[in-house]
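Q: The structure's right below; bear with me while I get my questions together.
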Amino acid sequence: MFPSRPSEQLKAIRTRLGITTRDVAELSQKLADSEGNPEYAISNPWLTQVENSDSVPSIYKLYALSAVYRMKFTDLLILFGVDLQKLNQHQSELQLPNTHLVTMDVYDSERAVSFPIRFDRSFDIDNTNLLNRMVETWGEIPISLIQKLDLRHSLYGYVGLQDFTLHPLLRPGSFVQIDQRVRKIRPARWRTEHDRPIFFVELRDGYACTWCDIQDGHLLLLPHPLSPVSVRRFSYGTEAEIVGQVTAVAMRLTDDQAPLADDSAKLPKRS
Numbered sequence: 003m004f005p006s007r008p009s010e011q012l013k014a015i016r017t018r019l020g021i022t023t024r025d026v027a028e029l030s031q032k033l034a035d036s037e038g039n040p041e042y043a044i045s046n047p048w049l050t051q052v053e054n055s056d057s058v059p060s061i062y063k064l065y066a067l068s069a070v071y072r073m074k075f076t077d078l079l080i081l082f083g084v085d086l087q088k089l090n091q092h093q094s095e096l097q098l099p100n101t102h103l104v105t106m107d108v109y110d111s112e113r114a115v116s117f118p119i120r121f122d123r124s125f126d127i128d129n130t131n132l133l134n135r136m137v138e139t140w141g142e143i144p145i146s147l148i149q150k151l152d153l154r155h156s157l158y159g160y161v162g163l164q165d166f167t168l169h170p171l172l173r174p175g176s177f178v179q180i181d182q183r184v185r186k187i188r189p190a191r192w193r194t195e196h197d198r199p200i201f202f203v204e205l206r207d208g209y210a211c212t213w214c215d216i217q218d219g220h221l222l223l224l225p226h227p228l229s230p231v232s233v234r235r236f237s238y239g240t241e242a243e244i245v246g247q248v249t250a251v252a253m254r255l256t257d258d259q260a261p262l263a264d265d266s267a268k269l270p271k272r273s
């Protein structure tokens, strides 16, 4: 029978390595001395107790076990029911009211993800279609390979649920991709509001996702004409900084809060 409880699995890992609890104590003490933090030290009685109970190690001792047992820290966290790969999902589900930057961290670069390997030859990028129907072959590749793509210049932002600056063009709750290399506001050459550059701006008390203009050394945050938000004016460089230009947007096209149609509605009767 395979061990199921975290304590039993920890003991099984140590046993496979052929080391005693005293060995773990001595090795962890070296780590504690190296880091100048006694919290990393694991005593013989402490480890014996953890291996025979439902105790949860502190973050320091879990790190020490990761170092001694030659295990990835993320795997030890999973052992105790904490999966860091779910963190990005949980962060997106726990929505905040104000606009802010979003991190897309990968905590296990060796983990494989599904990725389209070959597209159907009939795939036409000019026509709208479902991507999964256009993929001929799916495969698995390490997340680390995706990280090697040229994505280092991109940041990701989230438009707060109370940020109606560019509504209805940009809905609250949208995710945006930001090219931090483009921070200069150029003379207006756009023809429609969809061509007008959108910038992600860092303020002293938060962020904004908006159209911008420079006037007398001040950065103007310009709302959409249909937005209830007013024009905001900040000293450029001291009160406001441009993070980068928005290059892509992901947003819902329907409002969950919108009232549903009354299914019971009927056509008026003829008189």
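Each residue of the sequence shown is one higher than the one before, counting from 3 in this note's numbering. Beta carbons are placed, not taken as given, at the ideal position from N, Cα and C, and that holds for glycine.
What does DSSP give as the partner residue(s) for Trp213 in the beta ladder?
A: Leu224
Q: DSSP three-state call for Val231: helix, strand or coil?
A: coil
Q: Going along the chain, which unbroken runs of the alpha helix (DSSP H) with 4 or more residues stay wholly within the segment 6-30?
A: 8-19
Q: Rounded to whole angstroms, what's the CA-CA distance from Ser229 to Leu172? Just pull it up for me.
A: 10 Å
Q: Tell me, please, which residues DSSP counts as bridged to Val84.
A: Residue pairing by DSSP places Val84 in no beta bridge whatsoever.
Q: Grouping DSSP H, G and I as helix and E and B as strand, with all else coil, what is Leu96?
A: coil
Q: Straight-line CA distance for Ala43 to Ser30?
A: Rounded to whole angstroms, Ala43 and Ser30 show a C-alpha spacing of 5 Å.
Q: Starting from the Cα of Pro170, find the closest Cα among Thr212, Leu49, Val104, Asn39 and give me that residue.
A: Thr212
Q: Could you check what DSSP says for Gln247 in three-state terms: helix, strand or coil?
A: strand
Q: Does DSSP classify Gln179 as helix, strand or coil?
A: strand
Q: Enumerate in chain order the residues of its own chain whose CB-to-CB distance from Thr130 is below 6 Å, with the five nearest sequence positions on each side excluded.
A: Confidence at Thr130 is low in this model, with a pLDDT of 36, below 50, so its placement is unreliable and the value that follows should be read with caution. Nothing meets the Cβ criterion.
Q: Between which residues of its own chain and Ala2 is the CB-CB distance below 8 Å, once the five residues before and five after are set aside?
A: With the chain covering only 3 through 273, there is no way to say anything about residue 2.
Q: Is Phe166 helix, strand or coil by DSSP?
A: coil
Q: Can you give me the Cβ contacts of Leu49 inside the same chain, cut-off strictly under 6 Å, excluding the 5 residues immediately before and after it?
A: Thr23, Val26
Q: Ala242 by DSSP, collapsed to three states: which one?
A: strand
Q: Tell me whether Leu133 sits in a helix, a strand or coil according to DSSP, three-state version.
A: In this prediction, Leu133 has a pLDDT of 49, which is less than 50 and means its spatial position is unreliable; what the coordinates show is noted afterwards. Leu133: helix per DSSP, three-state reduction.
Q: Apply the 10 Å Cβ neighbour rule to Thr167 and answer buried if 16 or more other Cβ atoms are within range, or exposed otherwise.
A: buried
Q: In or out: Asp165 buried (at least 16 other Cβ within 10 Å) or exposed?
A: Its Cβ being crowded by 16 or more others within 10 Å, Asp165 is buried.
Q: Please list, in chain order, all residues of the same chain as Pro2 whose beta carbon is under 8 Å from its beta carbon, the five residues on each side excluded.
A: The question about residue 2 has no answer, for the chain in this structure spans 3 to 273.
Q: Would you say Pro8 and Leu81 are within 7 Å of each other, going by their C-beta atoms?
A: yes
Q: Identify which residue in His196, Val203, Arg193, Glu195 has its Cα closest to the Cα of Lys186.
A: Val203
Q: Pick helix, strand or coil for Tyr71, following the three-state DSSP scheme.
A: coil
Q: Is Gly162 near Pro99, with beta carbons less than 7 Å apart?
A: yes
Q: Would Tyr71 and Ile15 be called neighbours here (beta carbons separated by less than 7 Å)?
A: In this structure, Ile15 lies closer than 7 Å to Tyr71 by Cβ.
Q: What does the Cβ neighbour count give for Ile244, buried or exposed, with the cut at 16 atoms within 10 Å?
A: Label assigned to Ile244: buried.
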